[in-house]
Amino acid sequence: RHWSEGGRGAMELAEAVRRAANQQSNFRYLYDLELPIVEKIRIIAQKIYGAQDIELSPAAQSQINCYTQQGFGNLPICMAKTHLSLSHMPEKKGVPTGFVLPISDVRASIGAGFIYPLVGTMTTMPGLPTRPCFYDIDLDPDTEQVKGLF
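Under full-length UniProt numbering, the first residue of the sequence shown carries the number 1, and numbering increases by one thereafter.
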């Protein structure tokens, strides 16, 4: 109801979220948070994605060193990778194994409290189509109306 009633319409949702947040949880990370960043990435790659190992680009290794020196090495990891495959290769369907997962870059969302490695050629702008819609937007020179928005 928040669509029609604004903040007042979201009160029921807010209360449900508060109750859920206050419930006991037995959540555990797959890895010890005190492990080095590289080891946490490797554990996720091997145990979740089925990779044989990981390969860090020089940029990724440099960022890991920087975050570690800044005291952020104990943050959890949230991998940014294609949703089309467990590997970094969208065309590899099913459960591929034995591949080396390339880590092209490592970024941090310090305020949110996590480190996110970029796997392969991952874009961090989710929800965009392969061919962006702005290609279809234009200005009609005769009517001066924008066309292609809808």
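Positions of the beta carbon are idealized from the N, C-alpha and C atoms, including for glycine.
| message | Within a Cβ cutoff of 6 Å, which residues of the same chain sit near I48, ignoring the five residues on either side of it in sequence? | response | Indexing the sequence shown from 1 puts residue 48 at position 48. Correct list: empty, nothing qualifies.
| When the distance is taken between beta carbons, is G73 closer than 8 Å to I37? | What you label residue 37 is simply residue 37 of the sequence shown in a count that begins at 1. What you label residue 73 is simply residue 73 of the sequence shown in a count that begins at 1. Taking 8 Å as the Cβ cut-off, I37 and G73 qualify as a contacting pair.
| message | Since A60 and V106 should fall inside the 8 Å C-beta cutoff, what is the C-beta to C-beta distance between them, to a whole number of angstroms? | response | Reading the sequence shown from its first residue, position 60 is the one you call residue 60. Reading the sequence shown from its first residue, position 106 is the one you call residue 106. A60 to V106, Cβ: 5 Å. Contact.
| query | Is the region 62-77 touching the region 89-100, taking contact as three or more C-beta pairs under 8 Å? | reply | no
| query | How many Å lie between G71 and G98 at the Cα? | reply | Within the sequence shown, numbered from 1, the residue matching residue 71 stands at position 71. Within the sequence shown, numbered from 1, the residue matching residue 98 stands at position 98. Cα to Cα, G71 sits roughly 33 Å from G98.
| field | Contact set for L139: own chain, Cβ-Cβ below 7 Å, skip 5 residues either direction | value | What you label residue 139 is simply residue 139 of the sequence shown in a count that begins at 1. Cβ within range, chain order: V146.
| task | Give me whichever residues DSSP pairs with A80 in a beta bridge. | result | On the sequence shown, residue 80 is found 80 positions in, with the first residue counted as 1. DSSP lists L118 as partners of A80.
| request: Enumerate in chain order the residues of its own chain whose CB-to-CB distance from H2 is below 6 Å, with the five nearest sequence positions on each side excluded. | output: Position 2 of the sequence shown holds residue 2. Excluding five sequence positions before and after H2, the CB atoms of its chain that fall closer than 6 Å to its own CB belong to G9 and A10, given in chain order.
| Can you give the beta carbon distance from I115 to I54, rounded, assuming they're within the 8 Å contact cut? | Here the question's residue 115 lines up with position 115 in the sequence shown. Here the question's residue 54 lines up with position 54 in the sequence shown. About 14 Å separates the beta carbons of I115 and I54, which is beyond the 8 Å limit, so they are not a contact pair.
| task | Report the option in V17, T82 and D142 whose CA atom is closest to the CA atom of P117. | result | Indexing the sequence shown from 1 puts residue 117 at position 117. If we check each option's Cα against that of P117, T82 comes out closest.
| task | Tell me where the alpha helix (DSSP H) around S62 begins and ends. | result | The count along the sequence shown starts at 1 and reaches residue 62 at position 62. First-last of the alpha helix (DSSP H) with S62: P58 to Q69.
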